[in-house]
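Undergrad: Handing you this structure, nothing more for now.
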Amino acid sequence: MTTETTDAVGPHGGRTVDLLRALDEFARTQRDIGNRMAADLGLQRSTLTVLRILEREGSLPLGDLAAALRVDLSVASRHVNALVERGYVDREVCATDRRVRLLTLTGTGHATVRRISEVGAEIVAATFTSWTDTEIDDAVAVVTRVTEALQNA
């Protein structure tokens, strides 16, 4: 490896390239699992994400949902329209600002999120059945640290 290449990848040399490859593979695998979960539930992968965000955050205006999804407002709007049509999400008038419409999960939406969580837990339990509690705790710590580092980059 030349000095120029080493400088380009930082003080850790080729390890940063290895980390990037591992993260790329992890992201692809996570997408594949999300696609499999969505197919098992008869949903689109993007639907899983929207429903989980609304479950976690509660009622949100469309702009906040778009920001959480890291997508354009028009993309978020298309997702929401489909979810409203399927009965997973309601649009409600904000009590403090009647110009704002809040997106809220319906009973069906909440039930679907519970099912998403169950399917996800089943996949994780089956995948990591041979891991010890300590190994799982260590993995959680490393993934959390990597996520926080990338969010703060």
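First residue of the sequence shown: 1, per the UniProt record's numbering; consecutive thereafter.
Each residue gets a CB set at the ideal place from its N, CA and C atoms; glycine is no exception.
Under 8 Å by Cβ, that's how I've got L73 and I53 pegged, so tell me the actual separation to the nearest angstrom.
TA: In fact, because the Cβ distance is near 15 Å, the residues do not count as touching under 8 Å.
Undergrad: What separation, rounded to the nearest whole angstrom, lies between the Cα atoms of A76 and P11?
TA: 39 Å
Undergrad: Looking at C-beta atoms only, is the number of pairs between the segment 75 to 92 and the segment 35 to 42 that lie closer than 8 Å three or more?
TA: no
Undergrad: Using 8 Å as the threshold, is the C-beta distance between Y88 and T112 below it?
TA: yes
Undergrad: So if DSSP puts T16 in a beta bridge, which residue, or which two residues, is it bridged to?
TA: Partner(s): none; T16 has no beta bridge.
Undergrad: Taking buried to mean at least 16 other C-beta atoms within 10 Å of its own C-beta, is R132 buried or exposed?
TA: Contrary to the premise, residue 132 reads as Thr rather than Arg in this sequence. For T132, the number of other beta carbons within 10 angstroms of its own is below 16, and it is reported as exposed.
Undergrad: Assign R101 to one of three DSSP states: helix, strand, or coil.
TA: strand
Undergrad: Would the segment 92 to 102 and the segment 134 to 152 be scored as touching if the rule is three or more Cβ pairs under 8 Å?
TA: no
Undergrad: Pull up the DSSP beta-bridge partners for V91, would you.
TA: The sequence shown places Arg at residue 91, rather than the Val named in the question. DSSP, once it has assigned bridges, lists L103 as partnering R91.
Undergrad: DSSP beta-bridge partners for L60?
TA: L103
Undergrad: CB-CB under 7 Å to D40, same chain, minus the five flanking residues each way: which ones, in chain order?
TA: V119
Undergrad: Measure how close the beta-carbons of L83 and V50 come, nearest whole angstrom, since I'm counting them as under 8 Å.
TA: 6 Å
Undergrad: Below 8 Å on the Cβ atoms is my contact criterion, and I expect L48 with I116 to pass it. Report the Cβ-Cβ distance as a whole number of Å.
TA: 6 Å
Undergrad: Within the continuous alpha helix (DSSP H) that includes residue 154, where are the two ends?
TA: The first residue shown for the chain is 1 and the last is 153, placing residue 154 beyond what the model contains.
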